[in-house]
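A.B. asks: When we follow the numbering used here, the leftmost residue of the sequence shown carries the number 20, and every step to the right adds one. Ideal placement from N, C-alpha and C gives every residue a C-beta, glycine not left out.
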Amino acid sequence: LSPPIISRSHTEHITCTAFGSRFDVFATGDVAGTIKVWDLSDYATIMEVSSRKSGGVTCLAWVNSTEIIAGFNDSFVRCFDATSGALLWEIPNAHKGQITCVAVHCDSRLAYLVTGGLDGGIRVWALKNRELMIQFVEHQKAVTGVTIDVKKPNLIHSVSSDCTFLTFDLIKEKRAVSHMVREGAFLCCTQRLDSEQEVITADGNGRLLFWDCDYADPMQMVQDPARAKCNAVKVSPTGRYVATCGTDHLVKIFDLVDNGQLITVGHGHSENVLGLEWSGDEKQIVSVGEDACVCVWNFYGVTLDNDE
20 LSPPIISRSH TEHITCTAFG SRFDVFATGD VAGTIKVWDL SDYATIMEVS SRKSGGVTCL
80 AWVNSTEIIA GFNDSFVRCF DATSGALLWE IPNAHKGQIT CVAVHCDSRL AYLVTGGLDG
140 GIRVWALKNR ELMIQFVEHQ KAVTGVTIDV KKPNLIHSVS SDCTFLTFDL IKEKRAVSHM
200 VREGAFLCCT QRLDSEQEVI TADGNGRLLF WDCDYADPMQ MVQDPARAKC NAVKVSPTGR
260 YVATCGTDHL VKIFDLVDNG QLITVGHGHS ENVLGLEWSG DEKQIVSVGE DACVCVWNFY
320 GVTLDNDE
């Protein structure tokens with residue numbers, strides 16, 4: 020009799036996680052170059068693929084629920100079948116150095132991939148044939164986050180460790196908006212779904228800054244109580260909450276309706292938390308970190324007495 024596999028797990032630092040269009044399936048990537056796809060119904064691994072010579076996975080994005088796009092330390096972008104793990108295509112030397120972030124937009128009219136790199140560049144690729152559509156080289160240091168505008172897919176927001184937050188217009192093929200702070204390198208970004216769809220940036224001082232493209236200064240600031248470096252920030256699918264994680268080993272959720280009030284803290288990781296993502300139904304959060312752990316958190320929102 021052959022022994023059955025009871026469970027699988029990462030054994031190295033897990034750098035990133037992402038959900039596709041399905042609420043019950045997510046992917047994780049680690050520094051050893053391994054990507055795993057997990058089923059939330061039984062927490063089992065349903066796909067695993069490893070690129071040991073790649074130097075490690077740095078970022079992930081899904082194309083619907085069928086393909087996983089990953090950025091790697093070796094400057095390659097690779098796309099895998101989410102079911103079989105087969106390599107579907109790759110973009111060699113997409114940047115000069117490490118791929119730091121990826122984002123995907125795909126609808127009936129427009130389908131493209133955005134990549135950010137350690138070289139400070141932002142490149143936009145056609146998903147159909149992987150041809151380079153346009154590139155922007157305005158950041159002076161590494162691009163640490165990119166997000167595609169929730170209302171206008173021709174706008175791309177990016178943040179960098181050079182303390183700048185820039186917005187690029189694909190139609191006009193130029194930078195549309197520029198913001199800068201004097202201190203506190205930006206480490207990640209996300210975007211509100213309500214209000215004026217402000218972009219939220221997070222920095223090494225534990226600050227969440229809310230930016231309106233029409234104003235030079237932040238519209239609001241939410242300070243992490245521990246002032247811990249924020250490694251990831253994500254607005255929930257309904258737009259009411261924002262989740263963060265960082266160097267204090269914690270996952271935190273803030274209520275945007277209640278002026279950014281901290282409503283709950285998750286204690287589960289023993290080392291730096293490097294990434295997190297909401298499930299599409301907003302009922303769960305997945306976080307990953309340097310302790311090689313994948314934590315799945317159940318979230319029930321805020322009740323009348325402000326309890327989770």
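Report buried or exposed for D326, applying the criterion of at least 16 other Cβ atoms within 10 angstroms of its Cβ.
C.D. replies: Because the pLDDT at D326 is just 45, under 50, the model does not fix this residue reliably, and the value given afterwards should be weighed accordingly. Burial check for D326: the Cβ neighbour count within 10 Å stays below 16, so the residue is exposed.
A.B. asks: Between which two residues does the beta strand (DSSP E) containing K253 stretch?
C.D. replies: C249 to V254
A.B. asks: Excluding the 5 residues flanking Q117 on each side, which residues of the same chain have their C-beta closer than 7 Å to its C-beta?
C.D. replies: T77, N92, S94, G136 and L137
A.B. asks: Going along the chain, which residues of its own chain have a beta-carbon closer than 6 Å to the beta-carbon of N148, five neighbours each way excluded?
C.D. replies: Taken in chain order, the list of residues that qualify is empty.
A.B. asks: Per DSSP, T77 forms a beta bridge with which residues?
C.D. replies: In DSSP, T77 forms no bridge with anything.
A.B. asks: Given this structure, state the Cα-to-Cα distance separating V200 from C314, to the nearest angstrom.
C.D. replies: 33 Å
A.B. asks: Using the Cβ count rule (16 or more neighbours within 10 Å means buried), how would you classify M18?
C.D. replies: This structure gives no information on residue 18, because the portion of the chain shown stretches from 20 to 327.
A.B. asks: Would you identify the three-state DSSP class for R142, choosing helix, strand or coil?
C.D. replies: strand
A.B. asks: What is the DSSP secondary structure of K55, counted as helix, strand or coil?
C.D. replies: The three-state reading of DSSP puts K55 in strand, counting E and B together.
A.B. asks: Under the three-state reduction of DSSP, which class applies to R149: helix, strand or coil?
C.D. replies: Reduced to three states, the DSSP call for R149 is coil.
A.B. asks: Near I219, which residues of its chain fall below 8 Å by C-beta distance, leaving aside the five closest residues on each side in sequence?
C.D. replies: Counting only Cβ-Cβ distances below 8 Å, and skipping sequence neighbours, we find C208, T209, Q210, R211, L227, L228, F229, W230, V252, V254 and V261.
A.B. asks: Identify the residues that DSSP records as bridge partners of K271: which are they?
C.D. replies: In the DSSP output, where bridge partners are listed per residue, K271 has T263 and V284.
A.B. asks: DSSP beta-bridge partners for V292?
C.D. replies: G308
A.B. asks: Under DSSP, the beta strand (DSSP E) around M66 begins and ends at which residues?
C.D. replies: A63 to S69
A.B. asks: Just to confirm my understanding: we take S69, look at its own chain, exclude 5 residues before and 5 after, and list those with CB closer than 8 Å. What are they?
C.D. replies: A51, G52, T53 and I54
A.B. asks: Assuming T186 and C232 form a contact by the criterion Cβ under 8 Å, report the distance between their Cβ atoms to the nearest whole angstrom.
C.D. replies: Between T186 and C232 the beta-carbon gap is near 6 Å, inside 8 Å, which marks them as a contact.
A.B. asks: Distance, Cα to Cα, H124 vs Y131?
C.D. replies: 5 Å
A.B. asks: Rounded to whole angstroms, what is the Cα-Cα separation between L323 and Y62?
C.D. replies: For L323, the pLDDT reaches just 47, beneath the cut-off of 50, and the residue's location in the model is therefore unreliable, leaving the point undetermined.
A.B. asks: List the residues that DSSP assigns as beta-bridge partners of I313.
C.D. replies: First, the residue type needs correcting, since residue 313 is Val and not Ile in the sequence shown. Partner(s): V307.
A.B. asks: Under the three-state reduction of DSSP, which class applies to K72: helix, strand or coil?
C.D. replies: helix
A.B. asks: Report the three-state DSSP secondary structure of D326 (helix, strand or coil).
C.D. replies: Because D326 carries a pLDDT of 45, less than 50, the predicted location of this residue cannot be relied on, and the following value inherits that uncertainty. Looking at D326 - three-state DSSP - the assignment turns out to be coil, as it is neither helix nor strand.
A.B. asks: How would you call A113, buried or exposed, if buried means at least 16 neighbouring beta carbons within 10 angstroms?
C.D. replies: Buried: at least 16 other Cβ atoms inside 10 Å.
A.B. asks: In whole angstroms, give me the CA-to-CA distance for G294 and T266.
C.D. replies: Their Cα atoms are separated by approximately 11 Å.
A.B. asks: May I ask you to list the residues that DSSP assigns as paired with Y131?
C.D. replies: H124 and A145
A.B. asks: Helix, strand or coil for V44, going by three-state DSSP, please let me know.
C.D. replies: Three-state DSSP puts V44 in a strand.
A.B. asks: May I have the straight-line CA-CA distance separating Q154 from T85, to the nearest angstrom?
C.D. replies: Whole-angstrom Cα-Cα distance: 27 Å.
A.B. asks: Which ranges does the beta strand (DSSP E) cover as unbroken runs of at least 3 residues, wholly within the segment 182-248, from first to last along the chain?
C.D. replies: Taken in chain order, the whole beta strand (DSSP E) runs of length 3 or more contained in the segment 182-248 are 183-188, 193-199, 205-210, 218-222, 226-230 and 239-242.
A.B. asks: So what's T166 in DSSP terms, helix, strand or just coil?
C.D. replies: strand
A.B. asks: Please state the DSSP three-state secondary structure of L11.
C.D. replies: No answer is possible for residue 11: it lies beyond the span of the chain, which begins at 20 and ends at 327.
A.B. asks: Does the Cβ of H158 have 16 or more other Cβ atoms within 10 Å, making it buried, or fewer, making it exposed?
C.D. replies: buried
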